[in-house]
Every structure is written in C-alpha cells, then in structure tokens.
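Novice:
Numbering (my numbering), first residue to last: 722 to 928.
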C-alpha cells in the first residue's frame, strides 16, 4: 500500500471514529447536551482534530443522517431490482424501509430524530442537502407508481402525493412498533403492517 492510500485510509478511519462517538452521545445525551468537546473526548481525539473534519456538531450529525439515507436508498434500489410489476415493486420498497428500520435502528433513529425539526436543528443549508438525498428515495417510489400507471397496473393518481402518503404511512407503522409490548401484542403488529401495506397498494391496483 502506497503512502497516499495509507493516509486516505487513516483519514476514513478517523472520520468513522468521530461519527461513531457522536452517534453514541446523541442517543445518550441528546443534541443540545452533546458538544464537540464531548465528541472529542468520547472519540479520544483532540478538539482540533474534530474541526479538521467537520465545521460543527450539526455537520457531524448531518453526516450521520446522510449515511443512513444512503444505506436506505441502496437497500431500496436492490429490492426493486429483484422484482417486476408495479405492485410487487412497491411492496419491495415498503419491505426495504421496514427491514432497514429493524436492521439499522441507530440510523433510523437518527433520521427520525432530525425529521422532528430539521430547519431548527440543522439550519437551512444542511437541511436542503439532506432533503435532496431524501428525495432520491421518494423518486424511486414515484417512478414505480408512474411506471405502474403506464403499464395499466395502477389507476391514475398523483404519483408524488401518493408516494408521500405511502412513505408517511410506513414511517408511522415503524414508530408504532414501540407498542408491540402494549396494545399490539403477539401477531397484532406484523398483521397490522401487512394489512396496511396491502390496503394502500390495493387502492392503486386497477380492477
């Protein structure tokens, strides 16, 4: 391995060290209580080193959210590539989001954390950057819906509005999973998920 390659690898490892430390602090103490000084201490790095990679703690958390969105986007794309036909492809997107939330809980929680008030928590510039990435996932859904309409599989709807509604329903179902030990016991939760996804997709399918 050459000198440049070794330095690049070390930089990536250092960046990952910072992001891992920041993620731990975010969920242990919350955004407001987390500082660059605490991140540096948790990562066992100097404060100056942190600032050589990120301008602020908000930028660090934005990087974590971007990572999560990129993972989700790739998972959805792979799920789509295995299916044919509008209903199955839309169901694959739903499954990829539900699986992502279970398999990558930290990243899902970070995405959900900042959805609460992105402009306030991140500032408009970082919010816009993240919104652009989030729209890539919505675009996959819109494209799937529009292709289904063109093939006569789906009735005519506003593709973007339906995609946003479908995504909101999936997000709500994931948050509802916290009730699995209370009002949604046993098979109640998976049955609710299956019913909801089937109902929404069924509302699109032509007779």
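Where a beta carbon is used, it is the ideal one built from N, C-alpha and C, also for glycine.
Source: prediction; values computed, not measured.
#1: When burial is assigned at 16 or more other CB atoms within 10 Å of the CB, is residue 916 buried or exposed?
#2: By a C-beta neighbour count over all protein chains shown, 10 Å radius and 16 as the cutoff for buried, is residue 748 buried or exposed?
#3: Using only alpha-carbon positions, find the residue among 831, 791 and 775 that is nearest to residue 817.
#4: Pop quiz: residue 910 and residue 924 are said to be a contact at Cβ under 8 Å. What is the actual Cβ separation, rounded to whole angstroms?
#5: How would you write the range of the alpha helix (DSSP H) that residue 927 sits in, first residue to last?
#6: Counting only runs that start and end within the region 761 to 825, where is the beta strand (DSSP E) found for 3 or more residues in a row?
#7: Near residue 854, what residues of its chain come up, given a Cβ to Cβ distance below 8 Å and the 5 sequence neighbours on each side ignored?
#8: What do you get for residue 929, buried or exposed, if any count of 16 or more other CB atoms within 10 angstroms of its CB means buried?
#9: In the DSSP assignment, find the unbroken alpha helix (DSSP H) run with residue 899 in it and report its ends.
#10: Is the beta carbon of residue 807 closer than 8 Å to that of residue 869?
#11: Nearest by alpha-carbon distance to residue 758: which of 804, 768, 825 and 750 is it?
#12: For the alpha helix (DSSP H) containing residue 914, name the first residue and the last one.
#13: In whole angstroms, give me the CA-to-CA distance for residue 893 and residue 905.
#14: Roughly how many angstroms lie between the CA atoms of residue 740 and residue 912, to the nearest whole one?
#15: Where do the N-terminal and C-terminal ends of the alpha helix (DSSP H) with residue 742 fall, by residue?
#16: Identify every residue that forms a DSSP beta bridge with residue 875.
#17: Measure the Cβ-Cβ separation of residue 736 and residue 755 and say whether it is below 8 Å.
#18: Taking the alpha carbon of residue 766 as the point to measure from, which residue in 780, 753, 743 and 784 has its own alpha carbon closest?
Specialist: This is what the structure gives:
#1: exposed
#2: exposed
#3: 791
#4: Actually they are not in contact, since the Cβ atoms of residue 910 and residue 924 sit about 22 Å apart, beyond 8 Å.
#5: Note, residue 927: premise wrong, no alpha helix (DSSP H); not H, not E.
#6: none
#7: 787, 790, 791 and 794
#8: The requested residue 929 is not part of the displayed model; the chain covers only 722 to 928.
#9: First-last for residue 899: undefined, no H or E at that position.
#10: yes
#11: 768
#12: 909 to 923
#13: 14 Å
#14: 36 Å
#15: 724 to 750
#16: 926
#17: no
#18: 743
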